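Structure, as structure tokens:
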Amino acid sequence: MTDPPDASLTDRRGILLMLLSVLLFSANTLIIRGVSTHVPAADGWLASLFRGVCGLIIVAALYGSGRGFNPRRLIGSRLVMIRGVVGAIGILAFYISVTKLGAARAVVLNLTYPAFATIIAALWLKETITRAAILWMGLAFLGLLLFLGGDGKLLHPSPYDLLGLFGAVAAGWVVVVIRRLRHEEHPATIYASQAFYGLLASVPAVTKVPSLPPLAWIGLIAAATVVCFAQLLMTKAYQALPVSRGSAMQMTLPLVTAVGGFAFFRETFHLPELGGAALTLLATWRVVAAR
Numbered sequence: 002m003t004d005p006p007d008a009s010l011t012d013r014r015g016i017l018l019m020l021l022s023v024l025l026f027s028a029n030t031l032i033i034r035g036v037s038t039h040v041p042a043a044d045g046w047l048a049s050l051f052r053g054v055c056g057l058i059i060v061a062a063l064y065g066s067g068r069g070f071n072p073r074r075l076i077g078s079r080l081v082m083i084r085g086v087v088g089a090i091g092i093l094a095f096y097i098s099v100t101k102l103g104a105a106r107a108v109v110l111n112l113t114y115p116a117f118a119t120i121i122a123a124l125w126l127k128e129t130i131t132r133a134a135i136l137w138m139g140l141a142f143l144g145l146l147l148f149l150g151g152d153g154k155l156l157h158p159s160p161y162d163l164l165g166l167f168g169a170v171a172a173g174w175v176v177v178v179i180r181r182l183r184h185e186e187h188p189a190t191i192y193a194s195q196a197f198y199g200l201l202a203s204v205p206a207v208t209k210v211p212s213l214p215p216l217a218w219i220g221l222i223a224a225a226t227v228v229c230f231a232q233l234l235m236t237k238a239y240q241a242l243p244v245s246r247g248s249a250m251q252m253t254l255p256l257v258t259a260v261g262g263f264a265f266f267r268e269t270f271h272l273p274e275l276g277g278a279a280l281t282l283l284a285t286w287r288v289v290a291a292r
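So the sequence shown is numbered by this note's numbering: it starts at 2 and just counts up by one.
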């Protein structure tokens with residue numbers, strides 16, 4: 002009889018995987034920011050297109066031929082289709098906001114998705130929201146107001162700020178759909194649905210592909226490959242870590258991205274924006290922990 006795996010060893014493995022996923026997610030965002038800065042034609046639409054193509058190739062290579070990925074479910078399951086369509090819209094909104102707002106600002110807005118997921122789960126799945134979660138959600142949205150108004154334009158966010166928030170709402174909806182699907186579908190099929198519908202949503206951008214310089218090709222392929230492995234590592238990490246701890250570690254993503262954004266693109270924040278971002282991210286993490 003073999004001994005069960007040491008809990009601390011499992012924890013350490015989960016922490017390592019989650020930290021690695023954070024670094025890869027940040028790298029994905031910064032690569033897209035860099036490519037779009039040097040090649041404006043390589044916008045959020047093309048980033049979504051390349052992510053869809055590379056995602057499908059990687060999933061088919063790792064999980065095809067009877068190893069979990071079932072392509073028929075991409076159009077044969079209503080929930081899988083919803084996950085794919087909403088996820089594709091969310092990714093597109095996020096990537097466009099990255100190219101227009103900067104990497105760090107787009108990531109802060111996107112990471113409000115757990116608060117939206119909690120609200121959607123309560124409305125759709127009739128899940129109960131604790132008083133603590135309601136309180137923390139209120140603080141998260143207060144922090145968001147400070148963050149959006151940190152440049153002196155309180156209650157006047159830019160259209161791309163609103164697009165970034167729309168992407169966060171879509172990401173929150175996706176989390177709720179995945180919760181419904183996790184006992185019915187293989188993770189590879191769930192992930193592939195986003196890649197498939199992201200590819201379809203970005204088809205209009207195909208006309209730009211032939212004119213892309215080699216730098217853009219390399220950057221977009223690298224970003225798409227990196228984010229695919231980041232997603233897979235995060236999934237593995239959540240299998241070894243409590244959701245609250247994993248979510249807390251994910252909240253380091255804006256910090257890592259902000260450091261990269263400053264180092265490579267001289268992105269900066271005003272003091273009220275920093276305070277608002279910190280309050281929003283702390284409160285969003287507590288929403289997850291309080292559920």
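Virtual Cβ for every residue (Gly too), placed ideally from N, Cα, C. Since we're looking at a predicted model, the values are computed, not measured.
- Residue from S203, W46 and I179 with nearest C-alpha to R79: I179
- Item | G150 to W174 span [Cα, whole Å] | 26 Å
- Task: Measuring alpha carbon to alpha carbon, tell me which of A171, V210, P72 and G77 ends up nearest T113.
- Result: A171
- Three-way DSSP call (helix, strand, coil) for D44 in this model: coil
- Limits of the unbroken alpha helix (DSSP H) element including M138: R132 to L149
- Item | Nearest to V36 (by Cα), restricted to the options A118, E274 and I97 | I97
- With a 10 Å radius around its C-beta and 16 neighbouring C-beta atoms as the bar for buried, classify I76 as buried or exposed. exposed
- Query: Where does M252 sit, in a helix, a strand or coil, going by DSSP?
  - Reply: coil
- Query: Among the residues of its own chain, which have a CB less than 6 Å from the CB of D4, if the five just before and after it don't count?
  - Reply: Only weak support is given to the placement of D4: the predicted model assigns it a pLDDT of 49, under 50, and the question is left unresolved by the model.
- Query: On the three-state DSSP scale, how would you describe G85?
  - Reply: helix
- Item | Of the listed residues I120, W125 and E128, nearest to G139 (C-alpha basis) | I120
- Query: Can L57 and L234 be called in contact, C-beta distance under 8 Å?
  - Reply: no
- Whose CA, out of M250, L282 and L254, lies closest to the CA of D12? M250
- Rounded to a whole number of angstroms, what is the C-alpha to C-alpha distance between Y161 and L110? 10 Å
- Task: Rank P41, T100, A133 and G53 by C-alpha distance to the C-alpha of A217 and give the top, closest one.
- Result: P41
- So which of A43, S27 and L31 has the shortest CA-CA distance to S212? A43
- Is the Cβ-Cβ distance between S49 and G277 less than 8 Å? no
- Cβ pair F70, A206 closer than 8 Å: no
- Message: Tell me which residues share the same chain as E128 and place their Cβ nearer than 6 Å to its Cβ, disregarding the 5 neighbours each side in the sequence.
- Response: A122
- Task: Taking N111 as part of the alpha helix (DSSP H), name the residues at either end of that continuous run.
- Result: A104 to N111
- Within 8 Å, strictly: CB atoms of V81 and T190: yes
- Message: Please state whether the Cβ-Cβ distance between A116 and T285 is less than 8 Å.
- Response: yes
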